[in-house]
Amino acid sequence: MRLRPLTLGAFAWICIGGVATAQQMPKVDSERQFSGDLSVSAIYDSNFARSSSVRAALRGIKPKEYTLRPQANLNVVQPFGRQVLFLSGSGGYDFHRENPRLDRRRYDVQGGYMASLGMCQAAVVETFRAAQSDLADLDLLEAKNEVRAIGTTVTAACGRPTGLGVSAAVSRIDTKNSAFVQRPADSTLENLSVQLGYANENIGRIGLVYSYADSELPNRIIPGRPVGDGFWTESYGLSVGRDIGSRLTVDAQAARTRVKREFAPPGLNQKFTSTTYAGDVTYRIGSRLSLNLNGERAVRPTMRPGKLYDIATAGQISGQYSLGSRYTVSLGYGVQDVKSNVDTIALRPIITSSRTHTGFGSVRYQQNDRTALILDVRYIDRNTNIPDFNYSSTRVAITAQVGF
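Residues in the sequence shown are numbered from 3 upward in steps of one, following my numbering.
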């Protein structure tokens with residue numbers, strides 16, 4: 003019997019930062035796949051330091067940077083009857099001309115096992131990631147830091163394309179930092195989520211979602227409490243989705259999320275309740291033009307020592323247009339607001355609020371099925387409560403890609 007296309011991702015949901023969002027797994031179907039590509043990117047960044055010139059000098063960073071990034075991408079799907087093994091990911095290296103001490107490997111690999119039994123499906127997914135930190139995420143003077151993450155997700159779902167369906171997911175992700183001063187940002191995130199859903203061609207998809215996430219930061223030693231710090235979130239929410247004709251697709255999730263800290267300095271709240279959400283709307287005009295609008299509000303562990311979590315609210319609009327069979331043009335604009343707590347009695351100024359505006363565009367030239375050339379331009383402007391971390395940056399990247 004041929005394995006029907008696996009649609010576990012349509013049912014499996016996982017809570018990230020207090021909002022239930024679809025678990026990001028490769029699309030796995032019944033056909034054997036083996037594909038990949040090799041690419042080389044040349045990147046110019048007008049403000050690689052992601053800060054003021056004074057702050058860049060204190061860190062020993064030259065703001066203008068030229069980066070060469072060779073990379074390999076691979077996607078493998080191997081079915082065995084009603085079971086599938088899969089592997090997808092990328093690996094490469096960043097070479098910096100002006101700041102060679104930040105040369106660093108980077109990889110993002112995901113692999114696992116999926117099985118189908120009648121109307122039920124299950125999956126186990128392992129994730130491995132590592133890269134040099136974006137300097138926008140580092141408040142301290144130390145700039146050399148590799149962030150490594152290892153995660154495991156187990157999902158199970160039962161349901162048919164029409165009618166009731168139920169799914170559950172458990173996950174754990176451990177994040178480590180190589181720089182000693184960044185180790186207070188090491189974290190372990192464990193998550194449990196359950197969804198009861200219903201799908202119908204006329205009304206679309208609707209689901210009730212519950213999720214619980216526990217974030218532990220064991221290296222955040224607080225005076226008088228030498229066991230680290232952490233917080234948990236609990237969410238009750240509703241997810242909806244619908245395809246309206248062949249042009250419009252709408253997906254949205256909203257939840258009431260409770261956040262409780264294990265410890266709070268005197269005078270600060272230890273818990274609060276907030277609304278979290280995520281939404282995505284895609285509109286297609288013919289076969290050439292598509293428009294996308296998405297937004298979210300989420301609670302996430304922060305990567306910055308001196309803080310425990312970020313409340314991030316973001317929105318983005320983008321469009322893509324195909325000029326014939328070879329050229330594709332993309333444009334977009336996004337804005338993100340981040341509010342952060344202070345988890346200890348800070349001995350230095352802490353970024354507690356920021357707003358980032360991003361404009362971007364790209365042109366892709368597809369010579370044939372295997373060869374492509376991509377031009378990507380991006381402008382970023384960030385303002386924070388600490389002027390030293392305000393910056394604007396223009397990034398231009400040219401990528402040559404050859405598939406196999």
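Heads up, the beta-carbon is just placed ideally off N, CA and C, and yes, glycines get one too.
Distance between residue j and residue i (C-alpha atoms, nearest Å)
i	j	result
Arg6	Tyr115	Bear in mind that a pLDDT of 34 at Arg6, under 50, signals an unreliable position, so the model cannot answer this.
Asn75	Gly94	9 Å
Tyr200	Val86	26 Å
Val379	Arg263	40 Å
Gly232	Lys309	10 Å
Ala254	Arg162	21 Å
Ser332	Asp136	24 Å
Val196	Cys160	12 Å
Arg357	Thr386	7 Å
Gln25	Glu203	In this predicted model, Gln25 has a pLDDT of only 41, less than 50, meaning its place in the structure is not dependable; the value taken from the coordinates is given anyway. Straight-line Cα distance between these residues: approximately 23 Å.
Asp245	Gly230	46 Å
Trp234	Ser324	45 Å
Gln403	Ser41	4 Å
Arg260	Gly281	20 Å
Pro389	Ser55	11 Å
Tyr311	Thr157	26 Å
Gly363	Val337	15 Å
Phe274	Ile313	12 Å
Arg350	Val340	19 Å
Gly206	Gly165	10 Å
Val211	Leu375	42 Å
Ala252	Gly297	Position check: residue 252 holds Val in this sequence, whereas Ala was assumed. Looking at the two C-alpha atoms, the distance is approximately 12 Å.
Tyr68	Tyr367	23 Å
Contact check, residue i vs residue j, beta carbons under 9 Å
i	j	result
Gln80	Arg34	yes
Glu144	Arg61	yes
Ser320	Asn343	no
Ile352	Asp47	no
Leu250	Ile208	no
Val301	Ser276	yes
Gly113	Phe82	no
Phe182	Ile224	no
Glu236	Ala256	no
Thr360	Tyr335	yes
Ala187	Arg306	yes
Arg384	Gly405	no
Span of the beta strand (DSSP E) around residue i
i	result
Ser263	Reading off the sequence shown, one finds Arg at residue 263, where the question assumed Ser. 250-263 is the span of the beta strand (DSSP E), which, as asked, contains Arg263.
Glu100	Run containing Glu100: none; DSSP gives neither H nor E here.
Phe36	35-47
Pro72	67-82
Met121	Met121 -> no beta strand (DSSP E), and no H or E assigned at all.
Val404	393-405
Thr315	311-325
Gly409	Here the chain comprises residues numbered 3 to 406, so residue 409 is not present and cannot be evaluated.
Thr190	189-202
Gln338	329-342
Leu377	373-386
Thr235	231-246
Thr164	Note, Thr164: premise wrong, no beta strand (DSSP E); not H, not E.
Asp282	273-287
Per-residue burial, residue i [other beta carbons within 10 Å of its own, 16 or more giving buried]
i	result
Ser169	buried
Thr49	A small correction: the amino acid at residue 49 is Asn; Thr does not occupy that position in the sequence shown. Flag for Asn49 reads buried.
Phe391	buried
Phe36	exposed
Pro65	buried
Tyr238	exposed
Ile382	buried
Pro102	exposed
Arg57	buried
Leu191	buried
Tyr393	buried
Arg189	It is worth fixing the name first, because residue 189 is Ser in this sequence and not Arg. The residue in question, Ser189, is buried, as its Cβ has 16 or more Cβ neighbours within 10 Å.
Ser217	buried
Ala44	exposed
Gly91	buried
Ile400	exposed
Ala59	exposed
Thr129	buried
Ser436	Because the chain is modelled from 3 through 406, residue 436 falls outside the range shown and cannot be assessed.
For residue i, the first and last residue of its enclosing alpha helix (DSSP H)
i	result
Val56	55-61
DSSP-derived helix/strand/coil call for residue i
i	result
Phe303	Note on residue identity: the sequence assigns Pro, not Phe, to residue 303. Strand at Pro303.
Ala22	Unreliable positioning characterises Ala22 in this predicted model, as indicated by a pLDDT of 38, which lies under 50. The coordinate reading is nonetheless provided below. Ala22: strand per DSSP, three-state reduction.
Ala151	strand
Ser356	strand
Phe182	helix
Ala145	coil
Leu293	strand
Asp110	strand
Ala138	helix
Ala12	Because Ala12 carries a pLDDT of 36, less than 50, the predicted location of this residue cannot be relied on, and no value is offered for it.
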